[in-house]
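Start counting the sequence shown at 27; every next residue gets the next number (our numbering). First up is the structure itself, then whatever we jot down about it.
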Amino acid sequence: MKSTSNVLIVDDSPSLAQSLCKILAMHEIKADAVFNAQDALQKIRRHRYELMLCDIEMPGYSGLELLERIRQDEEHDLDVILMTGHLEPKYFIRAIQLGAVDFISKPIEAQQLVGMISCNLKRRHSRENLEQFMQHLDTANMELVIDPKKLSLTSISQVMRLFFKQNLHLPQNLFNELLICADEMVYNAYIHGTLGLSLEQRHCNHAEQEAIILQKLSLPEIAARRIRFSVFVDYQQNTISIGVSDDGEGFNYDDWLQRVAKEPTLSLDFYGRGIAMLYHLSDKLEFSQGGRKVQISRKLYPERAARI
């Protein structure tokens with residue numbers, strides 16, 4: 027391997043960490059060493075490492091706590107291998123949940139270490155090549171048809187998050203805004219278009235509203251309705267479009283669009299705030315099919331486009 031890989035070794039034993047650096051250097055793998063979690067965080071903020079080899083048991087922050095801190099910052103796309111003398115099942119499960127890619131037991135055998143790091147770096151480079159391939163496509167499209175009885179708004183965010191990470195490298199603020207818009211669009215299609223909840227029903231307490239929703243979903247004509255969700259990325263035009271449609275009765279969207287267009291700031295009033303939020307967070311907001319379909323468009327890497 028060429029010396030283009032950046033590995034960070036974190037262990038509270040300086041002699042071990044430095045020895046591991048020397049072993050990797052012999053195989054043309056560039057590595058830095060730090061001896062506690064705080065120094066590791068500072069290094070990660072200043073340098074773009076591809077992989078971190080970290081002791082799980084350290085004074086101060088443990089390896090798991092360090093991994094959790096790293097995962098809280100989505101800008102750090104860092105693969106992590108954990109070193110440990112022993113690993114209890116609960117720690118193993120938590121490490122997997124936090125995205126650890128592999129584990130190696132102490133005492134560390136040099137050939138196993140080099141093989142494991144080389145294999146993980148190769149997988150990472152393959153993943154990056156796939157991301158680059160996706161970015162050079164003319165377009166990318168995803169479509170979902172959602173059964174309202176099984177709707178989970180969280181799952182929409184997770185699907186969107188995965189799609190964005192695989193296909194786009196967006197600024198964090200734009201990434202968050204698109205996720206919020208997607209959730210709002212699906213929520214409106216569910217509450218208004220699919221269930222047709224009245225204003226009074228939407229103001230009920232949680233338990234009462236859940237009972238109303240269950241009663242409505244027991245009706246065959248409502249249970250048969252579907253929500254259609256789509257994401258279309260046009261790389262040549264540098265735009266992304268998110269669309270949601272439902273099988274409801276629609277609504278008079280013209281009045282609401284005229285109202286929000288006259289408001290210079292986002293209104294947080296309960297009724298109509300969804301449209302206002304979509305309007306202010308998009309470059310273009312469109313309704314069709316009598317109000318049953320809504321679509322927003324954004325420039326991927328703006329300066330914000332002029333509103334159409």
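All residues carry an ideal CB built from backbone N, CA and C; glycine is no exception.
The bridge partners DSSP lists for M109 are D81, I130. The way I'd put it, the segment 303 to 311 doesn't touch the segment 181 to 196; fewer than three beta-carbon pairs between them come closer than 8 angstroms. For the pair A208 and I266, the CB atoms are not nearer than the 7 angstroms cut-off. Classified as exposed, S131 has fewer than 16 neighbouring CB atoms from the shown chains inside 10 Å of its CB. Under the three-pair Cβ rule at 8 angstroms, the segment 165 to 175 counts as touching the segment 245 to 252.
Inclusion of L108 and C80 in the CB contact set at 7 angstroms is warranted, their separation being smaller than that value.
For the options F201, K242, F258, R318, the alpha carbon positioned closest to that of L170 is the one of F258. Y279 sits away from G222, with the two beta carbons spaced by 7 angstroms or more.
Runs of alpha helix (DSSP H) with 4 or more residues, each lying fully within the segment 207 to 294, are found at 225 to 228, 232 to 243, 246 to 249, 279 to 288, listed in chain order. Counting along the chain, no beta strand (DSSP E) covers S41; the unbroken alpha helix (DSSP H) around it starts and ends at 40 to 52.
Contact between F61 and D99 fails: their C-beta atoms lie close to 22 angstroms from each other, not under 8 angstroms.
In the three-state DSSP reduction, L196 falls in the coil class, being neither helix nor strand. In this structure, A57 places its C-beta atom within 7 angstroms of the C-beta atom of I35.
Sequence-distant partners of M52 (beyond 5 residues in either direction) whose C-beta falls short of 8 angstroms from its own C-beta are missing from its chain. Annotation: Q64 to M78 spans about 14 angstroms, alpha carbon to alpha carbon. In the structure shown, the three-state DSSP call for D164 is coil. Taking 7 angstroms as the cut-off, the beta carbon of M168 is found no closer than this to the beta carbon of F190.
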